[in-house]
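For the sequence shown, my numbering begins at 78 and goes up steadily by one.
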Amino acid sequence: MAIRVCLAGVTGWAGAALARAIVQTDDLELVAGVSRRHAGQNLGDVLNIPHLNVVISGSAEEALTTGCDVFVEYTKPDVARANVSTALRRGAHGVIGTSGLTDQDLEEIDALARQHNSGVLAVGNFSLPVVLLQKCAELVARYLPQYEIIDYAHADKKDAPSGTARELAYRLSKARPAQVAVPLEQTEGPLESRGVTLNGVQVHSIRLPGHVISVEALFGVLDQRLSLRYDAGSSPEAYVEGALLAIRRVGTFVGLKRGLDSVMDF
Ligand SMILES: NC(=O)c1ccc[n+]([C@@H]2O[C@H](COP(=O)([O-])OP(=O)(O)OC[C@H]3O[C@@H](n4cnc5c(N)ncnc54)[C@H](OP(=O)(O)O)[C@@H]3O)[C@@H](O)[C@H]2O)c1
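Right, dumping it as structure tokens:
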């Protein structure tokens, strides 16, 4: 039987691409979608998907009156936690693609998920190459503890460092704390020139026209260098495969898991 999916943010940049992919599968069924501006309209007409008849809801609360197995959150951080909580109370599992939820939000969601015997998968970046970069970089950091991160993005990206760079800093620091040769307080010149310290890792954010999204883990060892770099294209397709995997796997456990790698075999 197909997994019934309710997608909040169904008309958004990321959500629309995911909606189009879901309707192409045999094992997933898009049964409800949320967008305030398109509430009441047929999703098939809005996204130009032939033969799709799903009336868009103006809120997650309303959309969840249609029974679903998995609720996908792809809207904005200010409503994400409430949306996922509503979905859990209605007996659905949750996939969180929305960035910006705090550790405390996720802890509360974890507790609620356990209470309702449901699973929640929170994934800061669904891109499979990013997941692979994270895993490879964790392995390298165990052997090469002098590393820093560079976070590149287009000029108008306001948040810095990116969620992906933050996640990478967190993971690398867990693999092995970063070492710096010259303690930061002994920097000669502005301390800011050494970037921001996240989980003990120096992270440098570049925001320039002509750039899309890239992240680079740089490792230095005596007279040698190793860099692991990911470059995104400009379409949301990069996030589709990972999101489909998350929807398929989220019903296989109880409580909250973080990161797509938590449901992949390595
Ligand atoms: N995890 C990943 O790999 C990944 C990848 C891409 C993006 N993201 C994250 O996913 C989120 C969405 O990104 P996006 O680029 O798709 O944004 P977007 O293009 O602005 O789309 C947002 C969607 O959410 C809906 N929405 C916004 N506020 C809402 C509310 N209060 N109630 C109900 N619906 C609401 C919008 O429709 P209306 O305005 O009509 O309500 C729209 O459908 C962001 O947090 C982004 O950082 C994560």
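Ideal placement from N, C-alpha and C gives every residue a C-beta, glycine not left out.
| Check | Outcome |
| --- | --- |
| CB of residue 295 within 8 angstroms of CB of residue 227, strictly | yes |
| Residue 317 - containing alpha helix (DSSP H), residue span | 317-326 |
| Among 117, 248, 229 and 163, nearest to residue 217 - alpha-carbon criterion | 248 |
| Outcome for residue 334 when other beta-carbon atoms lying within 10 angstroms are tallied against a minimum of 16 | buried |
| Euclidean distance between Cα positions of residue 257 and residue 223 | 6 angstroms |
| Member of 194, 94 and 325 whose CA lies at the smallest distance from the CA of residue 103 | 325 |
| Closer than 7 angstroms: residue 335 CB and nearest ligand 1 heavy atom | no |
| Beta-carbon contacts of residue 154 that lie in its chain and below 8 angstroms, excluding the five residues immediately before and after | 175, 176, 177 and 178 |
| Residue span of the beta strand (DSSP E) that contains residue 304, given as start and end | 301-308 |
| Given 8 angstroms, three or more beta-carbon pairs between the stretch 307-327 and the stretch 140-160 | yes |
| Residue range of the unbroken beta strand (DSSP E) whose run includes residue 282 | 278-284 |
| For residue 145, the residue or residues it bridges with in DSSP | None; residue 145 has no bridge partner. |
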